[in-house]
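See below:
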């Protein structure tokens, strides 16, 4: 997997350097860290992205060649008897298809899985392989903050009695990343990061860092802690994730620690000694093999955050119900099938993640948690949401994807604080009109359902930025959709649309429009008014032509019109100065306009499976072109040689 970690990191860095929000770049990085969480270059890219720092420059890697490698590796191991290997292979298929949609084997595998009701998500598979990466995805989603270290002077390291907010303040202080630098001025060190060094023991001299508040020893090979850590009087945050601990460390160190991360170690039980950590505010034990708890867990009376993701608990420890100050509880994929009635005593709980536990229905004790702001119930076997969920008026995030819901209760319209509603991959047949009253809604994700229409009330969601409705049975999109002035991402691919409303041209903030896999015969000329549009995907329709107005899309970077019935491209496309990818394979093109040579930024030109006998001489001006696909065209050998002479691309496929 060396090539995956090396080239995957380079490609992720390139995408994230241009756009820190790039989803493919993020998923590539998660895949690398899922396979090798100790790979330091990937960690540095991740930290730079999370902290808002520039992503480091790296050598160039060909994305198409890497996609071929991913697909071949996935094919070689997808039938493995090892569940982890199969998960990695499925993840590689998903990444290959996203890096290069022409990877037919990967695309076919994903389609087969989707037809069987199994949605393949590179991100979900990465988290399944490494639950300790959950906080990375939460930070990328804006649910938690990872602040950059500013140039401002350090805060007083003698501050005492921190709360969770002080951890965020601590994360803003400068970080030292080597013992040599730390020992040069030991009293100035507040944060020391020695992660990913393959350490089997803590370096000498750590005890001299008398003002250190945060010590990051993650991604090493530690199995024990030395007594010298007891000499660190101000230590508050201790990160021991991804090491070889078989039990929770104890001793004179523990009374001082306020945040302890032991994710992805070899711990199988919470021992009675856990009660010694009486000052703990945050405890992360995700990705271990914990099957049982200890009554002394209730001694952690100050605990605010508890993460038990991926531990085979099966039964919720009752002592958790006594942690009355708990605000954030993550029980994803812990095998729990039922919640005791005492669970409702956690009245201060704000965030609850129950993903991947087969409750068979909505866990009723949750209804007593009226202060919840984040509730995640993905893949829990639910068939319905109770109308009483409308009483949870503080809910900001509700995620119920991958269940068997046939409807959403109208009472959801009373959850007026809701910012994210994710009901992807259910069997929902209609969107309640009452959802139009959710004035703060930022994301409405209803892909992979059985929707046949969209209510006009959706047009009232003036703060909506993402609307995902792909893989449904929608035949008509209401004109009112054009009123969503804040919308940035609209997914309508994989439906039954025959036309798009002209009002979509009013979406001035739209950056991604995906309408592929429908029955569209034309694109409205009004789409040329989408000044912010960066990506337009309209492949797999019945388009006979492209409106000339698309040449006005000055910010467009990707245009995908593959598998249509297009006979000619308008000369105005030559005005797309920022276009990087033009995918027009599988059409009826007989020639290209000379203006194609004006696409100075294009690096990928896909023209396979057309009727082109050659290319205009203007293609010689495409100095950024790196890959040109012409297979399946009637190009004779002399014309091929002329194209090779004209085109500066390094990779030409006939």
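Residue numbers (the working numbering): 8 to 661. C-beta: ideal position from N, C-alpha, C; glycine also. Values in this document were obtained by computation on a predicted structure and should not be read as measured data.
Applying the 10 Å Cβ sphere with the 16-neighbour rule, what's the burial state of residue 42? buried
How many angstroms separate the CA atom of residue 492 from the CA atom of residue 511? Looking at the two C-alpha atoms, the distance is approximately 10 Å.
Return the CA-CA distance between residue 155 and residue 401, expressed in angstroms with no decimal places. Only weak support is given to the placement of residue 155: the predicted model assigns it a pLDDT of 43, under 50, and the question is left unresolved by the model.
Tell me where the alpha helix (DSSP H) around residue 475 begins and ends. Taken as a continuous stretch (DSSP letters only), residue 475 belongs to no alpha helix (DSSP H), being part of the beta strand (DSSP E) at 473-475.
Can you tell me whether residue 591 is helix, strand or coil according to DSSP? coil
Own chain partners of residue 281 with C-beta closer than 8 Å, once the 5 adjacent residues on each side are dropped: 255, 301, 303, 304, 306, 307
Spatial neighbours of residue 289 in its chain, beta-carbon cut-off 6 Å, leaving aside the 5 residues before and after: 266, 312
Spatial neighbours of residue 70 within its chain, please: C-beta separation below 8 Å, excluding the five flanking residues on both sides. 18, 106, 107
Residue 309 Cβ short of 7 Å to the ligand GDP heavy atom set: Absence of the ligand GDP is noted for the structure shown, with no ligands found whatsoever.
CB residue 619 to CB residue 637, shorter than 8 Å? yes
Considering just the uninterrupted stretch of the alpha helix (DSSP H) at residue 79, what are its terminal residues? 70-84
Please classify residue 15: does DSSP put it in a helix, a strand, or coil? DSSP places residue 15 in helix when its eight states are reduced to three.
Backbone CA spacing between residue 555 and residue 574 [nearest angstrom]: 14 Å
Please classify residue 564: does DSSP put it in a helix, a strand, or coil? coil
Between the region 325-336 and the region 352-372, do three or more beta carbon pairs fall short of 8 Å? They touch, by the three-pair rule.
Of the listed residues 433, 438, 643, 395, nearest to residue 421 (C-alpha basis): 395
Can you give the beta carbon distance from residue 430 to residue 407, rounded, assuming they're within the 8 Å contact cut? 5 Å
Pull up the distance between the alpha-carbon of residue 116 and that of residue 252, whole angstroms please. 38 Å
C-alpha gap between residue 188 and residue 128, whole angstroms: 41 Å
Every unbroken alpha helix (DSSP H) within the region 179-235, with a cutoff of 4 residues, ordered by chain: 186-191
Can you tell me whether residue 219 is buried or exposed? The criterion is at least 16 other CB atoms within 10 Å of its CB, across all chains shown. buried
For the alpha helix (DSSP H) containing residue 41, name the first residue and the last one. 30-42
With a CB to CB cut of under 7 Å and the five nearest residues on each side skipped, what residues in its chain are close to residue 20? 52, 62, 63, 65
Counting pairs of beta carbons, one from the region 340-355 and one from the region 92-104, are three or more of them closer than 8 Å? no
Taking its Cβ as the centre, do 16 or more other Cβ atoms sit within 10 Å of residue 166, making it buried, or is it exposed? Note that residue 166 has pLDDT 36, beneath the 50 cutoff, so the model's placement of it is unreliable and no number is given.
Measuring straight from C-alpha to C-alpha, what distance separates residue 501 and residue 660? 29 Å
Go to residue 650, then tell me how far its beta strand (DSSP E) extends in each direction, as first and last residue. Note, residue 650: premise wrong, no beta strand (DSSP E); alpha helix (DSSP H) at 644-653.
Go to residue 636, then tell me how far its beta strand (DSSP E) extends in each direction, as first and last residue. 634-636 is the extent of the beta strand (DSSP E) around residue 636.
Do you know how far the Cα of residue 647 is from the Cα of residue 655? Taking the CA atoms as reference points, residue 655 sits about 13 Å from residue 647.
Euclidean distance between Cα positions of residue 214 and residue 241: 11 Å
Residue 199 and residue 216: beta carbons closer than 8 Å? yes
Nonlocal neighbours in the same chain, by C-beta distance under 6 Å from residue 580, ignoring five residues either side: 558
Spatial distance of residue 161 from residue 243 (CA atoms): Note that residue 161 scores a pLDDT of 34, beneath 50, so its modelled location is shaky and nothing firm can be said.
In chain order, what residues of the same chain lie with their CB nearer than 8 Å to the CB of residue 470, ignoring the 5 residues before and after it? 446, 447, 448, 449, 493
Going residue by residue through the region 575-630, where are the continuous beta strand (DSSP E) segments of at least 3 residues, counting only ones entirely within it? 588-590, 611-613
For residue 291, count the other beta carbons within 10 Å of its own beta carbon; 16 or more makes it buried, fewer makes it exposed. Which is it? Taking all protein chains in view, the Cβ of residue 291 is crowded by 16 or more other Cβ atoms within 10 Å, so the residue is classified as buried.
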